[in-house]
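Respectively, the protein sequence lines represent chains P and E.
The opening residue of the first sequence carries number 764 in this note's numbering; numbering runs sequentially from there.
The opening residue of the second sequence carries number 339 in this note's numbering; numbering runs sequentially from there.
Every residue gets a Cβ at the ideal spot worked out from N, C-alpha and C, and that includes glycine.
Below is one structure, written out as structure tokens; comments come after it.
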Amino acid sequence: MNIFRLSGDLLHLASIFILIARLHQTKSCAGISLKTQYLYLLVFATRYLDLFLGFVSVYNTLMKIFFLASSGYIVYLMYSPLKASYDKSLDSFRVEYIIAFAAVVALAFPHKYSVVEVLWSFSIYLESLAIIPQLFQMTRTGEADNITSHYVFALGGYRALYMLNWFYRYYTEDNYVDYISWIAGIVQTALYGDFFYIYITRVLKGKSFKLP
Amino acid sequence: DEDDVVHDEL
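Spelled out as structure tokens, the structure:
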């Protein structure tokens, strides 16, 4: 564990708390992509199968349980109590493409051909693309409320911090490299490029998230 | 076995 990874995990945790607070406060899920949330649930469900297979640390186990439970809870909130505020027509990105792409890449380049490893690779590639429906919806409507912007920023920042963590690990752990994490992490962080720019130039200056 | 990949990150 190092400071970059810990900060990344905490930012990831914060993003989920921000989203749940947003859903509770406004009692609405307008502006939030249910498809992205479904994808995160799928990401955690396929990656954290290893909860039953091995033990890393109490921290690791508790975080995994939290990510699984919270993503399930968010999907439940959007699917059931807040369903009336969900506008399906705005959340129109075809996620089948994302799932199929992640599946093909995971099958082509896993670390090892075992069910758990292929699912792990699938979850890493899927996570790198899972924000696309959310970004797509924000681009389509051209705006987002501030708390939703904070949510997306925290989510993007988390993977950017993980990249610093991998640099750190490369130098401190005998050239440690996980190329799947690196490739997916670069893709994931790059996807946020435009968003980060608008967030920093507008939202942090007290204006709303609006596309020019 | 020895070839098992360890994923210690979240």
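For N938(P), no Cβ of chain E is located within less than 8 Å of the residue's own Cβ.
With a threshold of 16 other beta carbon atoms within 10 Å, Y962(P) meets it and is buried.
A808(P) is bridged by DSSP to nothing; it lacks a bridge partner.
According to DSSP, residue pairing for E906(P) in a beta bridge involves K973(P). Neighbours of H913(P) across chain E, judged by C-beta separation under 9 Å, do not exist; the nearest C-beta is about 21 Å away. Against M826(P), the close residues of chain E are L348, in the order they occur along the chain (beta-carbon pairs closer than 9 Å).
Ranked by how close their Cα comes to the Cα of Y921(P), the residues T809(P), T952(P), K875(P) and A893(P) have T952(P) in first place. Per the Cβ contact rule, the region 914-931 of chain P is in contact with the region 941-949 of chain P (3 or more Cβ pairs under 8 Å).
Among the residues of the region 880-907 of chain P, those with a Cβ less than 8 Å away from any Cβ of chain E are E880 and W883, in the order of the chain. Between the region 817-836 of chain P and the region 849-862 of chain P, the count of Cβ pairs shorter than 8 Å is below three; the stretches do not touch. Those residues of the region 857-877 of chain P placed with their C-beta closer than 7 Å to a C-beta in chain E are H874 and K875, ordered along the chain.
G919(P) carries a helical assignment under DSSP once its states are collapsed to helix, strand and coil.
In the structure shown, D346(E) falls within a coil segment according to DSSP collapsed to helix, strand and coil.
Considering only beta carbons, the part of the region 780-813 of chain P lying closer than 9 Å to chain E consists of R810, Y811 and D813, in chain order.
Residue environment analysis places V878(P) among the exposed positions, since fewer than 16 neighbouring C-beta atoms fall within 10 angstroms of its C-beta. Separation of V344(E) and K973(P) (C-alpha to C-alpha, rounded to the nearest whole angstrom) is 43 Å. Approximately 4 Å separates the beta-carbon atoms of T809(P) and S886(P); this is inside 8 Å, confirming the contact. The three-state secondary structure of V819(P), taken from DSSP, is coil. Under the Cβ criterion of 8 Å, N823(P) is counted among the residues facing chain E. Taking CB atoms only, R768(P) has a neighbour in chain E less than 8 Å away. For R857(P), no alpha helix (DSSP H) run applies, since DSSP gives it neither H nor E.
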